[in-house]
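S.K.: Respectively, the protein sequence lines represent chains A, B, C, D, E and F. Residues in the first sequence are numbered consecutively from 6, following the working numbering. Residues in the second sequence are numbered consecutively from 6, following the working numbering. Residues in the third sequence are numbered consecutively from 6, following the working numbering. Residues in the fourth sequence are numbered consecutively from 6, following the working numbering. Residues in the fifth sequence are numbered consecutively from 6, following the working numbering. Residues in the sixth sequence are numbered consecutively from 6, following the working numbering. Even glycine gets a Cβ: it sits at the ideal position worked out from N, Cα and C. What you are looking at is a predicted structure, and each value in this text was computed from that prediction instead of being measured.
Number of protein chains: 6
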Amino acid sequence: MLIKVVNPNTSRPMTEMIGRSAHAVAAAGTEILAVTAPMGPASIESHYDEALAVPGVLAETRDADGYVIACFGDPGLDAAREVARGPVVGMAEAAMRAASYLGRGFSVVTTLDRSRGRTWDLAERYGVGRFCRGVHACGIRVLDLDQDPDARKTITAACRHALERDESDAIVLGCAGMTHLVADLAVEVGAPVVDGVQAATLAVQSLLTMGLRTGDRGEYAAPPPKPYSGLLHGFGR
Amino acid sequence: MLIKVVNPNTSRPMTEMIGRSAHAVAAAGTEILAVTAPMGPASIESHYDEALAVPGVLAETRDADGYVIACFGDPGLDAAREVARGPVVGMAEAAMRAASYLGRGFSVVTTLDRSRGRTWDLAERYGVGRFCRGVHACGIRVLDLDQDPDARKTITAACRHALERDESDAIVLGCAGMTHLVADLAVEVGAPVVDGVQAATLAVQSLLTMGLRTGDRGEYAAPPPKPYSGLLHGFGR
Amino acid sequence: MLIKVVNPNTSRPMTEMIGRSAHAVAAAGTEILAVTAPMGPASIESHYDEALAVPGVLAETRDADGYVIACFGDPGLDAAREVARGPVVGMAEAAMRAASYLGRGFSVVTTLDRSRGRTWDLAERYGVGRFCRGVHACGIRVLDLDQDPDARKTITAACRHALERDESDAIVLGCAGMTHLVADLAVEVGAPVVDGVQAATLAVQSLLTMGLRTGDRGEYAAPPPKPYSGLLHGFGR
Amino acid sequence: MLIKVVNPNTSRPMTEMIGRSAHAVAAAGTEILAVTAPMGPASIESHYDEALAVPGVLAETRDADGYVIACFGDPGLDAAREVARGPVVGMAEAAMRAASYLGRGFSVVTTLDRSRGRTWDLAERYGVGRFCRGVHACGIRVLDLDQDPDARKTITAACRHALERDESDAIVLGCAGMTHLVADLAVEVGAPVVDGVQAATLAVQSLLTMGLRTGDRGEYAAPPPKPYSGLLHGFGR
Amino acid sequence: MLIKVVNPNTSRPMTEMIGRSAHAVAAAGTEILAVTAPMGPASIESHYDEALAVPGVLAETRDADGYVIACFGDPGLDAAREVARGPVVGMAEAAMRAASYLGRGFSVVTTLDRSRGRTWDLAERYGVGRFCRGVHACGIRVLDLDQDPDARKTITAACRHALERDESDAIVLGCAGMTHLVADLAVEVGAPVVDGVQAATLAVQSLLTMGLRTGDRGEYAAPPPKPYSGLLHGFGR
Amino acid sequence: MLIKVVNPNTSRPMTEMIGRSAHAVAAAGTEILAVTAPMGPASIESHYDEALAVPGVLAETRDADGYVIACFGDPGLDAAREVARGPVVGMAEAAMRAASYLGRGFSVVTTLDRSRGRTWDLAERYGVGRFCRGVHACGIRVLDLDQDPDARKTITAACRHALERDESDAIVLGCAGMTHLVADLAVEVGAPVVDGVQAATLAVQSLLTMGLRTGDRGEYAAPPPKPYSGLLHGFGR
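1) What in chain D is Cβ-close to residue 52 of chain E, meaning under 7 Å?
2) Among the candidates B/152, B/37 and B/139, whose CA atom is the shortest distance from the CA of residue 164 of chain B?
3) Taking residue 18 of chain D as the reference, give the member of D/169, D/142, D/148 and D/156 with the closest Cα.
4) Buried or exposed, going by whether 16 or more other CB atoms sit within 10 Å of the CB of residue 55 of chain C?
5) I need the boundaries of the beta strand (DSSP E) containing residue 115 of chain D, first residue and last residue.
6) Do you know whose CA, among B/220, B/201 and B/111, lies nearest residue 215 of chain A's CA?
7) When you compare only the Cα positions, how much space is there between residue 154 of chain A and residue 160 of chain A?
8) Measure the CB-CB distance between residue 168 of chain E and residue 106 of chain F and report whether it falls below 9 Å.
9) Using 8 Å as the cut-off, classify the Cβ of residue 154 of chain B as near or not near the heavy atoms of the ligand ZN, replying yes or no.
10) Taking only three categories from DSSP, how would you classify residue 235 of chain D?
11) Does any C-beta atom of chain D lie closer than 9 Å to the C-beta of residue 238 of chain E?
12) Note down, in chain order, all residues in the segment 104 to 132 of chain F with a beta-carbon under 8 Å from any beta-carbon belonging to chain D.
13) Chain C partners of residue 44 of chain B, CB-CB under 9 Å?
14) How about residue 92 of chain A: is its C-beta nearer than 9 Å to some C-beta of chain B?
15) Closest to residue 38 of chain D by C-alpha separation, out of D/194, D/10 and D/71, would be which residue?
16) Helix, strand or coil for residue 249 of chain A? Go by DSSP, reduced to three states.
17) In this structure, does DSSP put residue 60 of chain A in helix, strand or coil?
18) Tell me which same chain residues have a C-beta within less than 7 Å of the C-beta of residue 186 of chain C, skipping the five on either side of it?
19) What separation, rounded to the nearest whole angstrom, lies between the Cα atoms of residue 178 of chain A and residue 110 of chain B?
20) With burial defined as no fewer than 16 other Cβ atoms inside 10 Å of the residue's Cβ, what is the status of residue 36 of chain F: buried or exposed?
21) Using a Cβ-Cβ distance under 9 Å, would residue 61 of chain F count as near chain A?
22) Between the segment 230 to 242 of chain C and the segment 39 to 55 of chain D, are three or more C-beta pairs nearer than 8 Å?
23) On the DSSP letters alone, give me the boundaries of the beta strand (DSSP E) that residue 142 of chain A sits inside.
24) Looking at residue 122 of chain B: is its Cβ nearer than 9 Å to the Cβ of residue 224 of chain C?
25) Ordered along the chain, which non-local residues of its own chain (more than five positions away) have a Cβ less than 8 Å from that of residue 203 of chain E?
26) Can you give me the Cβ contacts of residue 82 of chain A inside the same chain, cut-off strictly under 7 Å, excluding the 5 residues immediately before and after it?
27) Give a yes or no on whether the minimum CB-CB distance between residue 226 of chain D and chain E is below 9 Å.
28) Whole angstroms is fine: what's the gap from residue 131 of chain D's alpha carbon to residue 206 of chain B's?
29) Would you grab the beta carbon distance between residue 119 of chain D and residue 89 of chain E for me? Rounded to a whole angstrom, and I think it's under 8 Å.
30) Considering residue 71 of chain C, what are the terminal residues of the beta strand (DSSP E) in which it resides?
31) If we ignore side chains and look at the alpha-carbon of each, how far apart do residue 124 of chain A and residue 77 of chain A end up?
32) Quick one: grab the DSSP three-state call for residue 151 of chain D.
33) Which residues in the same chain as residue 192 of chain C place their Cβ atom closer than 6 Å to its Cβ, once the five residues preceding and following it in sequence are excluded?
34) Just to make sure I have the definition right: I need the residues of chain I whose C-beta is within less than 9 Å of the C-beta of residue 57 of chain D. Which are they?
35) Report yes if the C-beta distance between residue 84 of chain D and residue 14 of chain D is below 9 Å; otherwise report no.
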């Protein structure tokens with residue numbers, strides 16, 4: 006069973022970190038392949054970045070049994086489900102659904118203020134709006150998460166503030182770049198902390214174990230082939 | 006890692022069947038213990054049955070790392086989360102959340118017409134109302150599911166009807182007593198079919214793998230101890 | 006016309022108080038019978054307590070024309086509607102619906118923080134989520150409501166705070182144990198205060214006057230008879 | 006205790022019928038005064054009619070302890086609550102809330118197709134959208150309800166169709182002009198049938214019994230006095 | 006192309022101001038006719054005022070190609086759509102829909118606290134509840150908006166407070182009497198400010214340019230003619 | 006005032022048709038520039054096509070006063086709003102909002118069955134879910150809309166079916182490739198028919214007339230500059 010974990014940020018160190026995190030929770034028979042999108046922005050911090058990360062995600066949605074999209078905006082999820090032969094899970098949907106098992110409500114702690122709107126959109130789309138009690142930014146940019154020496158302290162403070170203010174039962178980490186901090190944060194804040202890279206890896210593994218993949222009878226059937234032009238002509242099917 | 010799968014129906018053959026189904030998807034290091042509730046109705050086919058199944062479920066919510074409630078009404082879920090030390094997952098919530106990864110919408114196929122209302126309540130509570138496109142009854146009573154020689158044929162027909170009418174991407178089986186049919190049904194209807202016993206077992210296993218359990222800072226803290234009177238006095242904490 | 010008011014808390018002084026409150030609003034021809042559940046927790050302050058209060062409520066849902074469930078969690082409401090021959094009304098649903106006639110929004114003042122989640126669940130289920138602007142705890146335990154000499158003062162302060170903060174038009178008292186305070190509180194806070202024991206008694210009386218009871222064509226038909234095992238075997242139908 | 010039942014349709018025979026219906030359910034000490042709006046349309050069958058019925062309703066919202074608005078569109082409800090000293094209840098809100106006690110869902114049977122939209126608006130406003138499963142027209146105009154010899158038969162058929170199609174637990178009659186038929190219809194269709202004239206009368210009586218009236222701390226405080234010009238100058242406060 | 010802009014407040018200076026504002030945005034070929042309702046309250050500051058403003062609005066809904074209702078409560082909108090031959094747009098619906106193009110959320114700044122509830126009702130009815138993040142009162146009465154020398158300063162402060170607190174992308178002015186301030190306010194608060202008089206005028210002009218008017222196949226067909234009695238007899242159709 | 010109408014389908018004949026349609030409704034002083042996306046799929050008929058159309062849309066979101074995205078999936082809308090200096094409007098949002106002025110509900114008639122899900126997503130996102138009563142496919146592929154000699158007849162039939170079945174007040178055309186048919190269809194079906202190319206052009210023109218553009222205080226501020234790699238490196242800002 007091969008699960009490909011696609012990092013839509015074109016930043017290789019982040020991909021390695023994501024791979025380690027996914028590997029840590031995978032079962033014995035599950036192989037994890039973490040890959041960096043072959044084109045797109047170095048990090049995803051706007052709708053613009055996210056839109057332009059999608060072609061790279063789609064280019065990697067092949068040659069595995071299941072797929073994880075390892076960016077909290079879940080870029081390209083619907084399209085990936087059309088073209089993949091196996092299940093595809095976004096880290097935001099997996100994290101927010103996992104957190105919904107842990108109590109009445111969770112808080113998301115993400116990077117920048119401007120990313121909060123996208124999280125609310127996803128929460129509503131995934132039907133977890135009633136569980137999501139707040140989305141908080143810690144003010145650290147994606148690529149600084151493993152550079153900034155104060156990152157862990159700042160994020161811990163944001164988690165504590167979120168738990169208190171939202172009266173939440175759990176925290177969801179709102180960026181793949183926080184995946185390495187999940188165990189420490191849980192200890193420090195004294196509440197469950199969910200990382201979407203791990204949650205999505207386990208969701209894909211579970212779906213594969215049950216023999217489940219995206220239904221292909223209607224909206225998610227393979228897209229009709231057609232010519233593509235310009236820089237994207239290589240995507241024609 | 007020990008996961009206790011509690012059958013709220015006081016019917017031992019069903020418990021065995023449920024245990025086999027959970028065991029079939031569990032990872033190498035996961036031990037499955039399927040138990041029958043020590044008191045309650047032989048099968049759950051009304052709000053009355055379900056209410057009276059809860060004390061038996063709560064009596065078994067102890068001595069394991071995580072718990073599955075193996076009845077599609079998820080009886081006693083909130084209470085079990087208060088008293089359990091590890092995560093507790095209901096089979097309806099796990100099945101409906103798993104099916105939400107498989108497309109835009111799913112249909113539930115359950116036993117009796119009168120059980121459909123409860124399913125809609127749960128779908129709304131779990132935030133999957135927008136994914137649940139229909140709830141259909143096959144007209145077979147719970148304890149006849151493995152007795153009726155036509156059960157498989159009847160359920161297959163109900164699944165096909167549901168997929169067609171609801172334009173769904175997947176089927177969710179709405180009774181623990183259908184768990185042994187899941188693989189066959191998927192082949193026959195040509196669409197993903199989700200069984201909640203397996204989905205909940207994998208959800209608990211995944212939560213345990215990530216070190217997650219119900220948040221206990223507020224609503225789900227251990228209940229305050231107090232005297233219980235009457236037949237229920239043994240439940241006092 | 007006999008209305009049975011069932012106290013799911015197995016605390017007789019509270020039952021007497023509830024009976025007096027119901028009697029005070031009943032019409033001339035209406036007989037009120039207040040009864041204590043024959044089994045269950047002394048007071049209901051958790052999902053666990055509430056789940057275990059249900060068998061006692063169901064044991065008393067017989068031999069009257071209509072029924073009030075006198076605990077703000079409305080334990081066992083669906084099941085009671087299946088087995089009762091007359092209408093059954095929970096005090097939370099009646100209070101919140103009555104308050105919906107009094108303005109754009111109401112605030113609930115209940116006992117403990119941990120009970121607030123259940124109130125929100127009920128508000129949504131009854132369709133009054135848009136009228137419910139806040140749920141506030143006064144921090145007094147159920148059985149202390151008539152013991153604590155400062156209870157009235159503390160609850161008055163909580164009501165005032167709720168009205169101010171939520172900009173509400175009315176208060177709903179969120180515990181049967183507050184029923185004796187309703188008249189005084191209304192005077193002190195200068196806004197309508199609704200007690201669910203009285204509201205539910207009048208709702209049942211009104212339904213009976215109109216000749217109405219739960220529809221029994223589908224979900225709420227009498228439950229199918231079946232064997233019950235364990236301590237609950239006496240409930241078999 | 007004096008309850009004024011205001012008929013917004015300027016049709017005196019209907020007012021008499023409404024008065025009899027309200028009187029039939031009122032308690033011993035409750036006086037019912039049924040009045041016809043002093044201006045407005047003979048019957049209400051459009052948004053235009055309803056808008057122009059409002060001044061007549063408001064002219065009558067005085068000199069009583071509580072008020073019923075006896076037209077299923079509840080015309081002028083918010084404004085009446087501002088100017089009345091006692092509680093004001095619309096027949097649609099009372100009927101739909103009463104029916105919500107009787108099961109999972111009800112169907113409304115009203116007069117004309119074009120009135121159905123208004124009913125859906127009200128259902129949503131009152132928070133009973135989840136209980137309202139269908140709104141059906143019987144095709145009889147308001148003033149023909151007590152003239153058309155086939156009215157009872159036609160409405161019975163519409164109720165049966167609604168119960169079947171919507172799988173409802175109860176019927177709500179969607180016009181004050183059907184109030185005299187409620188008892189017969191309940192017998193004929195074998196399911197609970199709710200008449201809003203009676204439901205609203207009992208709701209007002211219950212609120213008065215509990216000493217409750219509209220909150221006047223904010224939105225529903227008495228409107229600021231000001232000059233009115235044109236035909237409406239008599240309404241200045 | 007003649008667009009009639011109806012001021013439901015019977016205050017001629019406000020009508021002139023509204024006319025200038027509408028004229029300023031109309032295209033070359035569009036004629037604007039601003040009229041004062043021939044009867045009703047001098048200004049609209051309660052549900053009572055609003056209800057009594059409707060007959061005057063309906064009396065003016067004729068003899069033009071399209072209509073704007075220039076009061077933020079959109080009084081009489083449904084009824085006007087039934088009787089008008091061309092499109093009818095309320096200033097609240099137009100303003101809130103226009104603001105929905107400008108970001109994730111807007112804040113409304115209106116006159117009095119008691120008017121906020123109506124705005125929320127409209128936001129929900131028009132489907133913009135998810136875009137409306139807050140409704141704030143500036144505390145200035147309608148007819149003082151162009152008298153109070155501090156009005157502009159006070160409203161500017163309210164807009165700034167709203168943007169900050171609601172984290173909104175835009176402001177919607179919640180009263181026709183603020184229309185003359187829109188350009189200045191936009192400059193002062195540094196964010197888009199939407200005036201509904203202008204938004205509604207352009208919405209009507211756009212609908213007319215596309216040849217669109219209210220559908221008349223069902224609910225919005227011309228109302229059935231019938232006798233009207235009392236002061237309103239002139240409205241009979 | 007220059008409005009750029011971007012066709013995300015890389016099909017020049019469709020762009021010309023779209024340009025004519027936009028030009029037909031633009032005011033005297035409004036210049037329309039219709040452009041074809043410089044890269045992407047020939048037509049958009051899947052989530053995959055739509056995702057890959059976005060870079061082409063973003064490449065064209067510059068050098069004008071306002072922008073229309075002329076594909077009914079509104080691809081790239083959020084990202085375009087971040088990078089554009091003027092307002093950006095999608096044709097689906099404009100069409101559905103315009104149709105919301107025309108009655109209680111509209112039906113969408115689109116091309117293929119598989120595109121219906123995306124329309125429902127957008128309806129919900131734009132807050133028009135309550136107005137959208139049905140989404141119907143006519144079964145004609147995008148590039149056949151102006152080739153298939155029966156297209157007009159087939160779409161007319163689909164519109165009539167939709168109006169009847171959904172009891173709608175208006176039709177929304179669900180594809181830019183239908184823009185040339187709008188006037189004929191309105192005549193043939195006898196109900197308002199809304200074309201999103203025209204509706205969006207007029208929405209942008211109206212916003213520009215009022216001096217409004219996307220708020221840039223938060224989520225829609227210009228995206229932070231960063232390196233882009235691979236085929237998309239030209240998009241770096």
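M.R.: Reading off the structure:
1) Counting from one through the fifth sequence, the residue named residue 52 of chain E turns up at place 47. Ordered by position in chain D, the residues that pass the 7 Å Cβ test against residue 52 of chain E are 83, 84 and 87.
2) To locate residue 164 of chain B, count along the second sequence from 1; it is residue 159. The candidate whose alpha carbon is nearest that of residue 164 of chain B is B/139.
3) Residue 18 of chain D sits at position 13 when you count from the first residue of the fourth sequence. When only C-alpha atoms are compared, the closest one is D/148.
4) Locating residue 55 of chain C in the third sequence gives position 50, where the first residue counts as 1. Answer is buried; the Cβ neighbour count reaches 16.
5) In the fourth sequence, counting from the first residue as 1, residue 115 of chain D sits at position 110. Run containing residue 115 of chain D: 111 to 115, per the beta strand (DSSP E) assignment.
6) Within the first sequence, the letter at position 210 stands for residue 215 of chain A. The shortest C-alpha separation from residue 215 of chain A is found at B/201.
7) Translated into the one-based positions of the first sequence, residue 154 of chain A becomes position 149. Translated into the one-based positions of the first sequence, residue 160 of chain A becomes position 155. Rounded to whole angstroms, residue 154 of chain A to residue 160 of chain A spans 11 Å at the Cα level.
8) By one-based count along the fifth sequence, residue 168 of chain E stands at place 163. By one-based count along the sixth sequence, residue 106 of chain F stands at place 101. With contacts defined by Cβ atoms closer than 9 Å, residue 168 of chain E and residue 106 of chain F do not form a contacting pair.
9) Among the components modelled here there is no ligand, and therefore nothing to report on the ligand ZN.
10) Along the fourth sequence, one-based indexing puts residue 235 of chain D at 230. If DSSP states are grouped into helix, strand and coil, residue 235 of chain D belongs with the helices.
11) Position 233 of the fifth sequence, counting from 1, holds the residue named residue 238 of chain E. Contact of residue 238 of chain E with chain D is assigned, a C-beta pair being separated by under 9 Å.
12) 109
13) For the purposes of this step, residue 44 of chain B is taken as residue 39 along the second sequence, with counting starting at 1. Near residue 44 of chain B (Cβ distances below 9 Å), the residues of chain C are 233, 234, 235, 236, 237 and 238.
14) Sequence index remark: in the first sequence, residue 92 of chain A carries index 87 (1-based). Residue contact with chain B for residue 92 of chain A: present (Cβ-Cβ distance below 9 Å to some residue of chain B).
15) On the fourth sequence, residue 38 of chain D is found 33 positions in, with the first residue counted as 1. For residue 38 of chain D, the nearest C-alpha among the options comes from D/10.
16) This structure does not reach residue 249 of chain A, given that chain A is present from 6 up to 242, and the question cannot be answered.
17) Sequence index remark: in the first sequence, residue 60 of chain A carries index 55 (1-based). Helix, per DSSP.
18) Counting from 1 along the third sequence, the entry for residue 186 of chain C is found at position 181. Apart from the 5 residues on each side of it in sequence, residue 186 of chain C sits with its Cβ closer than 7 Å to the Cβ of 157 and 160 in its chain, given in chain order.
19) The sequence position of residue 178 of chain A within the first sequence is 173, counting from 1. The sequence position of residue 110 of chain B within the second sequence is 105, counting from 1. If you take the alpha carbons of residue 178 of chain A and residue 110 of chain B, they lie about 27 Å apart.
20) Against the sixth sequence, residue 36 of chain F aligns to sequence position 31. With fewer than 16 other Cβ atoms within 10 Å, it is exposed.
21) Reading the sixth sequence from its first residue, position 56 is the one you call residue 61 of chain F. Yes, contact with chain A.
22) no
23) As a first step, residue 142 of chain A must be located in the first sequence, where it is residue number 137. Start and end: 137 to 142.
24) Indexing the second sequence from 1 puts residue 122 of chain B at position 117. Indexing the third sequence from 1 puts residue 224 of chain C at position 219. Closer than 9 Å, so yes.
25) In the fifth sequence, counting from the first residue as 1, residue 203 of chain E sits at position 198. Once the five neighbours on either side are set aside, the close Cβ partners of residue 203 of chain E are 26, 27, 29, 30, 184 and 187.
26) Translated into the one-based positions of the first sequence, residue 82 of chain A becomes position 77. Within the same chain, residue 82 of chain A has close Cβ partners 74, 93 and 95.
27) In the fourth sequence, the residue the question calls residue 226 of chain D occupies position 221. Taking CB atoms only, residue 226 of chain D has a neighbour in chain E less than 9 Å away.
28) On the fourth sequence, position 126 is the one that residue 131 of chain D refers to. On the second sequence, position 201 is the one that residue 206 of chain B refers to. Spanning the two alpha carbons is a distance of roughly 41 Å.
29) The count along the fourth sequence starts at 1 and reaches residue 119 of chain D at position 114. The count along the fifth sequence starts at 1 and reaches residue 89 of chain E at position 84. Actually they are not in contact, since the Cβ atoms of residue 119 of chain D and residue 89 of chain E sit about 16 Å apart, beyond 8 Å.
30) Residue mapping note: residue 71 of chain C aligns to position 66 of the third sequence, counting from 1. Taken as a continuous stretch (DSSP letters only), the beta strand (DSSP E) holding residue 71 of chain C covers 71 to 74.
31) Translated into positions along the first sequence, residue 124 of chain A becomes position 119. Translated into positions along the first sequence, residue 77 of chain A becomes position 72. Here the alpha carbon of residue 124 of chain A sits roughly 8 Å from the alpha carbon of residue 77 of chain A.
32) As a first step, residue 151 of chain D must be located in the fourth sequence, where it is residue number 146. In this structure, residue 151 of chain D counts as coil in the three-state DSSP scheme.
33) Along the third sequence, read from residue 1 onward, the residue named residue 192 of chain C stands at position 187. So no residue of the chain qualifies.
34) In the structure shown, chain I cannot be found, because the protein chains are A, B, C, D, E and F.
35) Counted from its first residue, the fourth sequence places residue 84 of chain D at position 79. Counted from its first residue, the fourth sequence places residue 14 of chain D at position 9. No, these two residues do not count as a Cβ contact at 9 Å.
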